[in-house]
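Residue numbers for the sequence shown follow numbering that gives the first Met the number 0, beginning at 0 and rising by one.
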Amino acid sequence: MKLDLNDIIKEPVVSEKSTDLASKQKFVFKVHKFANKPMVKKALESLYDVKVDKCNIINLKGKEIRTKQGGYSYTYGYKKVVVTLKEGQFDFFETNQ
């Protein structure tokens, strides 16, 4: 499947763990479910003018949740990527170091 560079990166993941990783030049993003490591690397390097050192992709599955009526529903799964930038690169989130 051919994806546009703007469609690959969906949104940044902002959590306590991801902000701690930002101080180590690692940033977390939600990505398209068909995206792979070379696609993510190319998209980040062209959109943000940074040099990516490595990408780690995590595929999170949806979970079964219980409803009020006693039935079951499902949350959606998604794919996220932890990107490590080379030293001295742009800081996506402002972190206090």
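Here a beta-carbon is modelled for each residue, glycine too, at the ideal position from N, C-alpha and C.
Item                                                                                                                                : Value
Assign Phe-33 to one of two classes, buried (16 or more other C-beta atoms within 10 Å of its C-beta) or exposed (fewer than that). : exposed
Please look up how many angstroms separate the CB atoms of Lys-40 and Val-49, rounded, as I've assumed it's under 8 Å.              : That pair is no contact at about 10 Å.
Taking 8 Å as the threshold (C-beta atoms), are Leu-20 and Val-30 in contact?                                                       : no
Nearest to Ile-57 by CA position, among Gly-76, Glu-15, Asp-3 and Ser-22, is which residue?                                         : Gly-76
Using a 10 Å radius around the Cβ and a threshold of 16 neighbouring Cβ atoms, would you call Ile-8 buried or exposed?              : buried
If I follow the unbroken beta strand (DSSP E) through Val-80, where does it start and stop?                                         : 77 to 84
Should Val-83 and Lys-53 be called a contact, given that it needs their Cβ atoms to be closer than 8 Å?                             : The question names Val, but residue 83 is Thr in the sequence shown. Yes; because the gap between Cβ atoms is below 8 Å, this pair is in contact.
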